[in-house]
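Have a look at the structure below, then the notes.
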Amino acid sequence: MSAKVFVSRPIPEPGLESLKQAGLRVEVNPEDRVLTSEELVRFCRGKEGLLCLLTDAIDRAFLDQVPDLKSVATMSVGYNHIDLEAAAEKGIGVSNTPGVLTDATAELTWALLLAVARRIPEAARFLRGGEFTGWGPMLFLGTELYGKTLGIVGAGRIGTAVGLRAAAFGMKVIYSDPRRNRELEKRTRAEPAELDRLLAESDFASLHVPLTEETRGLIGRGELRRMKKSAFLINVSRGAVVDEEALAEALREQEIAGAGLDVYEKEPHVHPGLLTLKNVVLLPHIGSATVETRTRMAVMAGEDLAAMLAGRPPANPVPLPR
Ligand code: GLV
0 MSAKVFVSRP IPEPGLESLK QAGLRVEVNP EDRVLTSEEL VRFCRGKEGL LCLLTDAIDR
60 AFLDQVPDLK SVATMSVGYN HIDLEAAAEK GIGVSNTPGV LTDATAELTW ALLLAVARRI
120 PEAARFLRGG EFTGWGPMLF LGTELYGKTL GIVGAGRIGT AVGLRAAAFG MKVIYSDPRR
180 NRELEKRTRA EPAELDRLLA ESDFASLHVP LTEETRGLIG RGELRRMKKS AFLINVSRGA
240 VVDEEALAEA LREQEIAGAG LDVYEKEPHV HPGLLTLKNV VLLPHIGSAT VETRTRMAVM
300 AGEDLAAMLA GRPPANPVPL PR
């Protein structure tokens, strides 16, 4: 009898195909919305596999209620929404989708950085609002990238891809990471720096760390105060890496020049203090949202779920605590 799997939301078709081709019986959330925890439990009862998303809370309470579940593939690189300890205790295998979203996320980082530096959303709104009456010498003056310093916090796959693109803009790169990144150093002459120094020297500080107990609240009031008044903060990692209340205050008080955010502490909630500010560009968590990348993520998650259910190791296992 082939195993049953649940897919928590409609995903690109090739991902579903990879499950079906493996002979799995696939049920997909019929609605394009996040399920409540009760609904997720109901759909997952009697299923051995789950293809989930970063918006699903795969916590102990959930896992306790779905005793048939053997494997979870998350269609995301981040896995802070999964209780790995509980999964390990229950012998549930977990996989994620690293690598395939690196370029898309790096590209969005630059889109955000340029958008906030050159005030693009503000200027576009101005034009559509009928306010453009002609070229002006003082109209929408922004900040130039050339010759400035980009500070990368977390030089893993995505941080590195962001850093490699900095040369195209003539920027200097510094980075903070527990590990030396020789590739970044060699290809961009990037210098490693402690976080404090990075924040003090960067004109643009860009966050690329996973959300862990160590990185939760990494950028708080004190860290924001260390930044230059002319600097910008970019976050495409996880919202909870930044203290949003402190950021809203720093932006309001013009302690920093601006921010570009794709992620929030309590998505989809956005701190109301951010929504009213002009010097912040806010996007709805679309770092990996390209047709190419989302298709690759869906296939990767589908293939890994099929592998785990067939008793084979997935290509992208999430290391579980022992
Ligand atoms: C996106 O945020 C991801 O973790 O894939």
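Residue 0 is where the sequence shown starts when you use numbering that gives the first Met the number 0, and the numbers rise one by one after that. C-beta atoms are modelled at their ideal positions from N, C-alpha and C, and glycine is treated no differently.
By the DSSP assignment, the alpha helix (DSSP H) with residue i in it spans what residues?
i: residue 125; result: 119-127
i: residue 113; result: 101-116
i: residue 324; result: This structure cannot settle anything about residue 324, because the visible part of the chain is limited to 0 through 321.
i: residue 323; result: Here the chain covers residues 0 to 321 and nothing more, so residue 323 does not appear.
i: residue 17; result: 12-20
i: residue 36; result: 36-43
i: residue 61; result: 59-63
i: residue 247; result: 243-251
i: residue 198; result: 194-200
i: residue 273; result: 271-274
Counting only beta-carbon separations shorter than 8 Å, does residue i have a partner in chain D?
i: residue 138; result: Protein chain content of the structure displayed is limited to a single chain, and chain D is not contained in it.
Is it buried or exposed, residue i, if we count other Cβ atoms within 10 angstroms and call 16 or more buried?
i: residue 408; result: Residue coverage of the chain in this structure runs from 0 to 321, which leaves residue 408 outside it and unanswerable.
i: residue 109; result: buried
i: residue 238; result: buried
i: residue 116; result: buried
i: residue 139; result: exposed
i: residue 126; result: exposed
i: residue 187; result: buried
i: residue 137; result: exposed
i: residue 13; result: exposed
i: residue 92; result: buried
i: residue 46; result: buried
i: residue 189; result: buried
i: residue 242; result: buried
i: residue 97; result: buried
Between residue i and the ligand GLV, is there a pair consisting of the residue's CB and a ligand heavy atom that are separated by less than 7 Å?
i: residue 201; result: no
Which first and last residues belong to the beta strand (DSSP E) in which residue i is found?
i: residue 24; result: 24-27
i: residue 161; result: Per DSSP, residue 161 belongs to no beta strand (DSSP E); it is in the alpha helix (DSSP H), 156-165.
i: residue 96; result: First-last for residue 96: undefined, no H or E at that position.
i: residue 152; result: 148-152
i: residue 259; result: 257-260
i: residue 294; result: It is not in any beta strand (DSSP E) - residue 294 instead sits in the alpha helix (DSSP H) that spans 290-308.
i: residue 48; result: 48-51
i: residue 72; result: 70-73
i: residue 83; result: Element bounds for residue 83: not the beta strand (DSSP E) but the alpha helix (DSSP H), 83-88.
What is the rounded straight-line gap between the Cα of residue i and the Cα of residue j?
i: residue 207; j: residue 25; result: 34 Å
i: residue 57; j: residue 43; result: 11 Å
i: residue 5; j: residue 265; result: 25 Å
i: residue 250; j: residue 257; result: 6 Å
i: residue 104; j: residue 54; result: 18 Å
i: residue 131; j: residue 202; result: 30 Å
i: residue 270; j: residue 119; result: 22 Å
i: residue 318; j: residue 295; result: 21 Å
i: residue 145; j: residue 74; result: 36 Å
i: residue 27; j: residue 248; result: 42 Å
i: residue 34; j: residue 7; result: 7 Å
i: residue 307; j: residue 313; result: 6 Å
i: residue 173; j: residue 158; result: 11 Å
i: residue 18; j: residue 100; result: 21 Å
i: residue 204; j: residue 267; result: 24 Å
i: residue 377; j: residue 221; result: Nothing can be reported for residue 377, as the shown portion of the chain is limited to 0 through 321.
i: residue 260; j: residue 111; result: 7 Å
i: residue 90; j: residue 71; result: 11 Å
i: residue 244; j: residue 273; result: 9 Å
i: residue 160; j: residue 0; result: 44 Å
i: residue 236; j: residue 287; result: 11 Å
i: residue 148; j: residue 225; result: 15 Å
i: residue 22; j: residue 2; result: 8 Å
i: residue 180; j: residue 69; result: 36 Å
i: residue 20; j: residue 309; result: 13 Å
i: residue 305; j: residue 192; result: 42 Å
i: residue 61; j: residue 82; result: 10 Å
i: residue 38; j: residue 63; result: 15 Å
i: residue 232; j: residue 185; result: 25 Å
i: residue 229; j: residue 114; result: 16 Å
i: residue 10; j: residue 297; result: 7 Å
i: residue 32; j: residue 78; result: 19 Å
i: residue 165; j: residue 171; result: 7 Å
Between residue i and the ligand FAD, is the CB less than 7 Å from at least one heavy atom?
i: residue 100; result: Ligands present in the displayed structure are limited to the ligand GLV, and the ligand FAD is not among them.
Counting by C-beta, which residues lie closer than 5 Å to a heavy atom of the ligand GLV, in chain order?
75, 76, 77
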